[in-house]
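Below is one structure, written out as C-alpha cells; the observations come after it.
Protein chains in written order, with the working numbering: chain A, 1 to 306; chain B, 307 to 693.
Laid out in C-alpha cells, this is it:
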C-alpha cells in the first residue's frame, strides 16, 4: 500500500507539473496583458503536431522537439501580432469570443494539414522504458523525465522573471502597464515576447503529453479547463501560485482517482461505489476550486497589484 | 398571405403523402463519428458502406438510394439531435451507424417512436438486447457483453487465475467488464472505470493494476484511447500479460505497431475470414483506400446488405414496414462473417474468433488464430418481450 501511494503521488506530481507548463503561460498572459486566452490549448496542440512532424522528418527525437518548440514560438508570436493585438483594448467577452474563434480555426487547420486520425510521437528507447525507482517499484522513465524537465523549466522561468532585465519589465508591466509604456519601453515588443514564451511553454507541455496520449485534434480543450482551474486556485498572474496550485491539482486528481473509489466501498455498496467513485473523483478539483474561491477569492497567491 | 399558407399546406401534404415506392429513392441516414480523435472509425464505416453500395450497383433493393451522413461528434446529445433531424426533416426510411453505446441509447427513442428502422452497425448496449428491444431495431454487430465473454473463455483456456479489469465509465464499458466477469472463472483482482471519453492518462489505473499483482490485465479501450493505453502500458514496464476487446483493430494498428504484437483480442469478424463475400469486400476496400477495413466497416457493410434484402422483398415500397421487418429477421443476405442469423431480440447469433497481430514486412495485420465460441447468443435475450 505504501509503495502504491508513493507511485500514485509521482503520477500526480507528473500530471501537476505538466499542468504547470500550461498554466504558467496562461497566467503570465492573463496577469500581464489582462488577456483571456482560450486559444492557449491550441498552441499546446500545435506544439505536439509540430514536434511529431519534425521528429518524423528528421528521424531524430531531440531535433524534433527543438524544432517543434521553435515553430510553436514563431506561431505564438505571429498569433499575438496578427490577432491578439486587436483584442487588448477590449473587454473580456471580446477576448473569449476572439480566442474561441481561434480554437475553431486551429482545430480545422490541423485537421486539414494532418488529417483527423492524430499522430504519434514515440520517445527514444532510452526514455520509452521503465526504471526501478525503489526496490520493486518500476516507474516509467518517460514520466520521470517530464518531472525533471518541468522542474528545470520552472527554475528557468523563476530566474528569468526575478533575475533579468526582461523579467523586471514583465513584473513592472504586471503592476502598471501604462507607466512602463510611458517610460519609453516598447510595450508591444514586450507583449509579443511574453506571449511567445507562454506559447512555447504550452507547446512543450503538448509535446510531452503527446508521447503519453498521442497528438489529436482538440487535445488542448479538456486540459485547458483544468489549467484555468489551476490559475484561479493559484491566483491570476502569479507564477509561484501556478506552480503550487498545479501540483495540488495534479495530486488531488490522480490520488483521488486512485483511492477514492476504494474508500467509498467502505461506506457504500460495491455497485454504488463503483458508480459514485469515478464521478466523485473527477469532481474533486472543482470542489477544491470552489473552496479556494470562498476562502480566498484572489487565489492562494494573489498578485500584489490587484 | 393566408392563400400562400393554404397552398403551402396542400403542397406539403402532397409531398409527404403515400407516394408509394416506385422510383422514389430509398433514404438512409447514417449517424457516426466523423470529427475528433475517433473520426477514423466513422470514416472506415462510411467507406465500407460505400463499398457495399458499389457492390449493389449503387442501388438498394433495386431502387435508387440516397445516403445522408451525419456526425455525432461522439456526443449523445448531438447524436439524438442528428437522429431527430434525419427522421423529422429528411424523413429517412432507415437509420444506420452508431459507434457508441451511450449515443445509441440517447438516439433510440425518436427512432422507435417514429417506427423508423434503426440498424446498429456497432453499439450493442445490454438494454437494447433486453428490455429496450424493439421490432424496429436490428443490430449487425453484437451485444456488448459477447466479445469480452469470448475473451473470458479464452483466458480460462490459458489458465489465467486472476485478472485486473480496466475500462471506460460509460454504457459499453460497464457491459464489457460485466461480460468478461460472466465467463471468466478466475478471481477478479480489481476493477477500474475511467472517465470517458476525456481521461486519456491511465497512470493511476496502471499503478493499481501493478500493485494488485494479477495474472492478467483485461482492457476495453476503443479507438484512439486504445493507442494511448497500449503506449502507457508499455512505458509503465508492466510485465503482466494483456488481454483485450475492441482495443486493437485496423484503425488503431498503424499507430500501435510493435506494441500490439502478442496482445490477443476477441472479435466477431477478422479480415481473413474465408468466405467469398468477405474476400471481395476486403480486396475492393484495399484497392480503393490503400488500407484494409476494420470490423466497424464490416458491420456497416452488412447493414447495407441487410437493408438491401428488406427493400428488395417489398419491391421498393418502404411503407410496408411489417414485411420488411419479417424479411430482415430472416437475415437473408450474404454476411462478410459467413454464418449470421438473428435471435428473437434482433441481435446476431454468431461466432467469435481469437485474433492476433502479425508483422509482414513493415505492415501489421490482424489474423484469425482460432474460433473461441460458435453461434453465440447474447445473455439478455430472455429479457426481451419479443419472441
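Built from N, CA and C at the ideal position, the CB exists for glycine as well. None of these values were measured; they are calculated from a predicted model.
Are at least three pairs of beta-carbons, each pair with one atom in the stretch 110–124 of chain A and one in the stretch 516–523 of chain B, less than 8 angstroms apart?
No, because fewer than three Cβ pairs between the stretch 110–124 of chain A and the stretch 516–523 of chain B fall closer than 8 angstroms, the two stretches do not touch.
In the DSSP assignment, find the unbroken beta strand (DSSP E) run with residue 677(B) in it and report its ends.
669–682 is the span of the beta strand (DSSP E), which, as asked, contains residue 677(B).
Using a Cβ cut-off of 7 angstroms, which residues of the stretch 252–281 of chain A contact any Cβ in chain B, in chain order?
If the cut-off is 7 angstroms between Cβ atoms, the stretch 252–281 of chain A has 254, 257, 258, 274, 278 near chain B.
Could one say the Cβ of residue 686(B) lies closer than 9 angstroms to chain A's Cβ atoms, at least one of them?
Not one chain A Cβ lies under 9 angstroms of residue 686(B).
Between which residues of its own chain and residue 100(A) is the CB-CB distance below 6 angstroms, once the five residues before and five after are set aside?
Closer than 6 angstroms at the Cβ level, and outside the excluded window around residue 100(A), lie 38.
Answer with yes or no whether the minimum CB distance from residue 326(B) to chain A is below 9 angstroms.
Here the model assigns residue 326(B) a pLDDT of 44, short of 50, so the residue's position is not dependable and the matter cannot be decided.
Which ranges would you report for the beta strand (DSSP E) in the stretch 374–432 of chain B if only whole runs of at least 3 residues count?
Runs found: 400–403, 423–426.
Mind listing which residues of the stretch 431–459 of chain B have their C-beta closer than 7 angstroms to chain A's C-betas, in chain order?
Answer set for the stretch 431–459 of chain B: empty.
Roughly how many angstroms lie between the CA atoms of residue 199(A) and residue 66(A), to the nearest whole one?
Those two C-alpha atoms are separated by around 14 angstroms.
Enumerate in chain order the residues of its own chain whose CB-to-CB distance from residue 58(A) is below 8 angstroms, with the five nearest sequence positions on each side excluded.
Closer than 8 angstroms at the Cβ level, and outside the excluded window around residue 58(A), lie 64, 67.
Taking just the CA atoms, how far does residue 404(B) sit from residue 338(B)?
Computed Cα separation, rounded: 5 angstroms.
Quick one: Cα of residue 532(B) to Cα of residue 162(A), how far?
Straight-line Cα distance between these residues: approximately 44 angstroms.
When you compare the CB of residue 561(B) with every CB in chain A, is at least one pair closer than 9 angstroms?
Yes - at least one Cβ of chain A is within 9 angstroms of the one on residue 561(B).
Check each residue of the stretch 106–136 of chain A: if its Cβ is closer than 7 angstroms to any Cβ of chain B, include it; give the result in chain order.
Residues 116, 117, 118, 120, 128, 129, 130.
Using three-state DSSP, classify residue 552(B) as helix, strand or coil.
Three-state result, residue 552(B): coil.
Given 8 angstroms as the limit, is there contact between the stretch 637–646 of chain B and the stretch 655–665 of chain B, that is, 3 or more CB pairs closer than that?
Because the criterion of three Cβ pairs below 8 angstroms is met, the stretch 637–646 of chain B and the stretch 655–665 of chain B touch.
When you compare only the Cα positions, how much space is there between residue 450(B) and residue 433(B)?
Each residue's alpha carbon lies about 10 angstroms from the other.
Tell me, please, which residues DSSP counts as bridged to residue 372(B).
Its beta-bridge partners are 333(B).
How about residue 555(B): is its C-beta nearer than 9 angstroms to some C-beta of chain A?
It does not; no Cβ of chain A falls within 9 angstroms.
List in chain order: all unbroken alpha helix (DSSP H) runs of 4+ residues lying wholly within the stretch 520–606 of chain B.
As far as the stretch 520–606 of chain B is concerned, its whole alpha helix (DSSP H) runs of at least 4 residues are 530–541, 559–562, 582–595.
Please report the residue range of the beta strand (DSSP E) in which residue 183(A) lies.
Unbroken run through residue 183(A): none, as it is neither H nor E.
List, in order along the chain, the chain A residues whose C-beta lies closer than 8 angstroms to that of residue 497(B)?
In chain order: 274.
So residue 254(B) and residue 556(B) are in contact, right, with Cβ under 8 angstroms, and what is the actual spacing, rounded?
An answer regarding residue 254(B) cannot be provided, because it is not within the stretch 307 to 693 covered by chain B.
Could you pull out every residue in the same chain whose Cβ sits closer than 8 angstroms to the Cβ of residue 602(B), ignoring the five residues on either side in sequence?
Correct list, in chain order: 347, 350, 351, 354, 405, 427, 428, 555, 557.
Ends of the alpha helix (DSSP H) at residue 236(A)?
Per DSSP, residue 236(A) belongs to no alpha helix (DSSP H) and is neither H nor E.
Across the stretch 285–296 of chain A and the stretch 46–61 of chain A, are there enough close Cβ pairs to call them in contact, namely three or more that are closer than 8 angstroms?
Contact fails: fewer than three Cβ-Cβ distances are below 8 angstroms.
Go ahead and pull the three-state DSSP assignment for residue 450(B).
DSSP places residue 450(B) in coil when its eight states are reduced to three.
Counting only Cβ-Cβ distances shorter than 9 angstroms, please list the residues of the stretch 199–218 of chain A near chain B, keeping chain order.
Those would be 209, 211, 212, 213, 214, 216, 217, 218, in chain order.
Classify residue 657(B) as helix, strand or coil using the three-state DSSP reduction.
Strand.
Helix, strand or coil for residue 121(A), going by three-state DSSP, please let me know.
Residue 121(A) falls in the coil class under three-state DSSP.
Using 8 angstroms for Cβ pairs, my map puts residue 45(A) next to residue 110(A). What's the rounded Cβ distance?
Yes, they are in contact, since the Cβ atoms of residue 45(A) and residue 110(A) sit about 6 angstroms apart, within 8 angstroms.
Taking its Cβ as the centre, do 16 or more other Cβ atoms sit within 10 Å of residue 515(B), making it buried, or is it exposed?
By the 10 Å Cβ count, residue 515(B) comes out buried.
Nearest CA to the CA of residue 459(B): which residue from 607(B), 332(B), 486(B)?
Cα-wise, what sits closest to residue 459(B) is 486(B).
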